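**Student:** First, the structure itself, so that you have it in front of you.
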Amino acid sequence: MSVLETIIRKRNGQRLSAGEIKELIDGYSCGDILDYQMASFLMAVYFQGMSLSETIALTEAMAHSGKTLHLTGLKGMVIDKHSTGGVGDGISLALAPLVAAAGLPVLMMSGRGLGHTGGTLDKLASIPGFRTALTSRQALRQVRKIGVAMIGQTAELAPADKKIYALRDATGTVENISLICASILSKKIAAGIDGLVLDVKFGNGAFMPNYAAAKQLTQVLITVGKKNGLKIKALVTDMNQPLGNAVGNSLEISQAIEVLKGEGPADFMTLTLALGAEMLVLGKKAGNVKEAEQILRGLIPTGQALDKFYCLVKTQGGKINQLPVAKHKLVIKAPVSGYIYSMSTREIGLVATMLGAGRQKKEDLIDYSAGILLHKKIGDPIQAGDLVATMYYNKAGIVPELKKRLLAAIVIRKTKPARHPLIYN
Ligand code: URA
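Under the working numbering, the letters of the sequence shown match residues 43 to 467, in that order.
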């Protein structure tokens with residue numbers, strides 16, 4: 043079957059066989075199939091969707107597009123965590139060292155920013171010298187030595203995802219359950235981990251707009267993951283406002299340090315502990331989530347979690363005392379009194395991107411010090427003139443326009459909004 047026929051069949055809503063899907067993925071990985079052909083296929087999938095068996099075939103083809111790791115010689119199971127993407131979602135930065143400090147080996151493979159959402163890889167890259175491009179062998183050696191490694195996708199592991207991920211970002215084809223599932227699980231299967239805790243986000247800052255869609259994605263992720271031998275637990279969580287206070291790479295690194303000192307924002311801490319507890323239970327380091335949370339909480343005041351973070355940064359070559367700081371900042375004040383009623387989270391992510399914190403094209407360079415600090419959360423009371431947010435930037439030209447957009451994205455009303463849970467199951 044030619045690639046063109048495969049694209050046309052998907053465009054027309056037909057089901058593809060596992061063989062056709064594998065041929066497409068293998069062809070794209072080795073460069074025989076070109077970006078414009080794959081972009082067209084992705085758009086066809088976006089509109090026509092994929093069945094469960096097609097999603098399984100896509101995930102497996104992408105997982106086996108490179109090497110697969112066998113994690114031997116580690117003390118215990120290796121459990122990773124992955125989020126489906128959100129704004130201000132730097133949870134992994136605090137979570138990986140925290141869980142490693144509890145004695146569970148962590149090999150975390152993260153991605154770059156996608157759409158309006160940030161990526162853990164970009165956040166780590168904001169630490170001068172931090173090497174995310176470890177080979178699988180180096181990463182494994184590091185996990186054996188210090189219990190944790192945080193890496194980007196290597197050229198060896200699931201290379202098809204690395205290429206498709208960047209292409210989806212640039213072609214408006216991110217928000218599709220099958221593509222998200224294949225992207226997340228292919229790299230986890232290739233990394234040879236034992237278990238995975240998923241943070242499936244929904245809301246106006248997530249790729250899934252509502253709870254029902256997030257549940258559907260969760261179901262597909264669990265089914266495909268289990269079929270490939272992964273132990274999986276998923277939490278569905280709210281992304282109708284940025285997580286924590288920071289949106290932007292080095293700002294989120296500083297926030298992660300605060301969290302590991304026990305001084306971070308409450309929502310960030312709650313979710314870090316909840317996901318970490320699930321990791322410890324999956325990895326059999328605790329009998330239940332309550333016990334697991336207690337273990338994790340105990341590692342913060344003793345400084346063990348923070349020490350593990352510094353050790354991780356140092357081992358991967360990072361110089362944490364040289365975090366970049368933006369040249370300019372602009373404070374944004376509340377125009378009226380009332381309560382923070384809602385936030386357009388995607389818009390906040392886009393404003394941060396335009397300040398330089400993310401990419402608008404896949405070749406763009408990131409300004410690691412750019413971003414936004416939010417001083418209020420939904421439900422907080424506010425007086426006219428109070429600080430709402432601070433924008434950090436180095437390029438001044440577009441800032442007045444972005445200030446307007448940011449102010450419009452944070453809605454203040456006289457009435458207090460209803461409270462919604464952060465974690466749904
Ligand atoms: N994270 C990924 O790795 N891939 C996606 O498609 C979304 C979130």
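Each residue gets a CB set at the ideal place from its N, CA and C atoms; glycine is no exception. Computed from a predicted model, the values in this text were never measured in an experiment.
Tell me whether the region 367-380 and the region 224-237 touch, counting them as touching only if at least three CB pairs, one residue from each stretch, are closer than 8 Å.
**Tutor:** No, the region 367-380 is not in contact with the region 224-237.
**Student:** Helix or strand or just coil, what does DSSP make of M43?
**Tutor:** coil
**Student:** Alpha carbon to alpha carbon, how far is S228 from T48? Give it in angstroms, no decimals.
**Tutor:** 21 Å
**Student:** Taking all protein chains shown into account, decide if D74 is buried (16 or more other Cβ within 10 angstroms of its Cβ) or exposed.
**Tutor:** exposed
**Student:** Just verifying my parser: in three-state terms, what is the DSSP assignment at R154?
**Tutor:** coil
**Student:** Can you list, in chain order, the residues of its chain with a C-beta nearer than 7 Å to that of Q364? Leave out the 5 residues immediately preceding and following it.
**Tutor:** P170
**Student:** L448 and I390 - do their beta-carbons sit closer together than 8 Å?
**Tutor:** Yes, these two residues count as a Cβ contact at 8 Å.
**Student:** Going by beta carbon distance, what residues of the same chain come within less than 7 Å of K52, once the five residues before and after it are set aside?
**Tutor:** Here the set comprises L58, F83, A86, V87 and Q90.
**Student:** Is I226 near the ligand ADP, judged by its Cβ being under 7 Å from some heavy atom?
**Tutor:** Within the structure as shown, the ligand ADP is missing, the only ligands being the ligand URA.
**Student:** When you compare only the Cα positions, how much space is there between H150 and R455?
**Tutor:** Correcting the residue identity first, residue 150 is Met in this sequence and not His. Distance between the alpha carbons of M150 and R455 is about 41 Å.
**Student:** Between the beta-carbon of I408 and the beta-carbon of N291, is there less than 8 Å?
**Tutor:** yes
**Student:** For D122, report the span of its beta strand (DSSP E) as first-last.
**Tutor:** I121 to S125
**Student:** Alpha carbon to alpha carbon, how far is G400 from E198?
**Tutor:** 25 Å
**Student:** Look at the Cβ atom of S152, then the Cβ atom of K109, and state whether they are nearer than 8 Å.
**Tutor:** no
**Student:** What does DSSP give as the partner residue(s) for I408 in the beta ladder?
**Tutor:** Bridge partners of I408: none, in fact.
**Student:** Does the Cβ of P442 have 16 or more other Cβ atoms within 10 Å, making it buried, or fewer, making it exposed?
**Tutor:** Classification for P442: exposed.
**Student:** Please look up how many angstroms separate the CB atoms of T314 and A181, rounded, as I've assumed it's under 8 Å.
**Tutor:** Not confirmed; about 22 Å, so no contact.
**Student:** Is the beta carbon of H468 less than 8 Å from the beta carbon of D280?
**Tutor:** The chain is shown from 43 up to 467; residue 468 falls before or after that span and cannot be answered.
**Student:** To the nearest angstrom, how far is the alpha carbon of I206 from that of P423?
**Tutor:** 43 Å
**Student:** Taking 7 Å as the cut-off, is the C-beta of I264 nearer than that to any heavy atom in the ligand URA?
**Tutor:** no
**Student:** Enumerate, from N- to C-terminal direction, the unbroken alpha helix (DSSP H) stretches of 4 or more residues contained entirely within the region 262-331.
**Tutor:** 291-302 and 308-324
**Student:** Considering only the beta carbon of each residue, do G189 and A142 sit closer than 8 Å?
**Tutor:** yes
**Student:** CA-CA distance, R154 and T457?
**Tutor:** Each residue's Cα considered, the two are about 38 Å apart.
**Student:** In terms of residue numbering, what span does the alpha helix (DSSP H) encompassing V141 cover?
**Tutor:** I133 to A143
**Student:** CA-CA distance, N218 and L416?
**Tutor:** 30 Å
**Student:** Please state whether the Cβ-Cβ distance between I63 and L100 is less than 8 Å.
**Tutor:** yes
**Student:** Tell me the residue span of the alpha helix (DSSP H) that contains M104.
**Tutor:** L94 to A105
**Student:** For a test of the three-state rule: what should DSSP assign to S384, helix, strand or coil?
**Tutor:** Looking at S384 - three-state DSSP - the assignment turns out to be strand.
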